[in-house]
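J.: The following block contains the structure, expressed as structure tokens.
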Amino acid sequence: MNNQYVPTDSSDDNEPPFVYLSQLMFSKLAEVGVAAPSFIQVMLVLMKSLDPDGCVEVSLAEVVVQCNTPLKKVKAGILGLAGAELIESLNLSALAAGTVSCKVSPDLVRYGKSKGPSFPLGTPTQAE
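Just add 824 to the spot in the sequence shown (first one is 1) and you have the numbering used here.
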């Protein structure tokens, strides 16, 4: 997966950076989601704050608002994600106004841009 995408902050085609999730990430999320579906939502909110180095730093209050979930459940979700090895190097603030910072393996998630040009999808036409 690492050879397919190059993490950059700019692109000649003005394409914004994106977060690419590997098949392994989807598999791990599916396993975690069976036990606790809210963990998937927490993970996706964390990935919105992913930087090019694979690090995440976001306020707990923002995660609570975006997930529309109580703080206690968000913290349980973050700890569950760490236990499932979806996030690592976890630093979780004990205060509601604190932040969560962690790192995500590039084998699971990649921030970057496609090496090739991107083209808009064509308009479907009726087969002749």
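Virtual Cβ for every residue (Gly too), placed ideally from N, Cα, C. None of these values were measured; they are calculated from a predicted model.
Can you give the beta carbon distance from L905 to L932, rounded, assuming they're within the 8 Å contact cut?
T.: 11 Å between Cβ atoms; not a contact.
J.: Does the beta-carbon distance from S913 to K927 come in below 7 Å?
T.: Yes; because the gap between Cβ atoms is below 7 Å, this pair is in contact.
J.: How would you write the range of the beta strand (DSSP E) that L845 sits in, first residue to last?
T.: Segment F842 to L845, the beta strand (DSSP E) holding L845.
J.: Mind checking whether V843 and Y935 have CB atoms under 7 Å apart?
T.: In this structure, Y935 lies closer than 7 Å to V843 by Cβ.
J.: Once the 5 residues before and after V887 are set aside, which same chain residues still bring their CB inside 6 Å of it?
T.: So the qualifying residues of the chain are V869 and V898.
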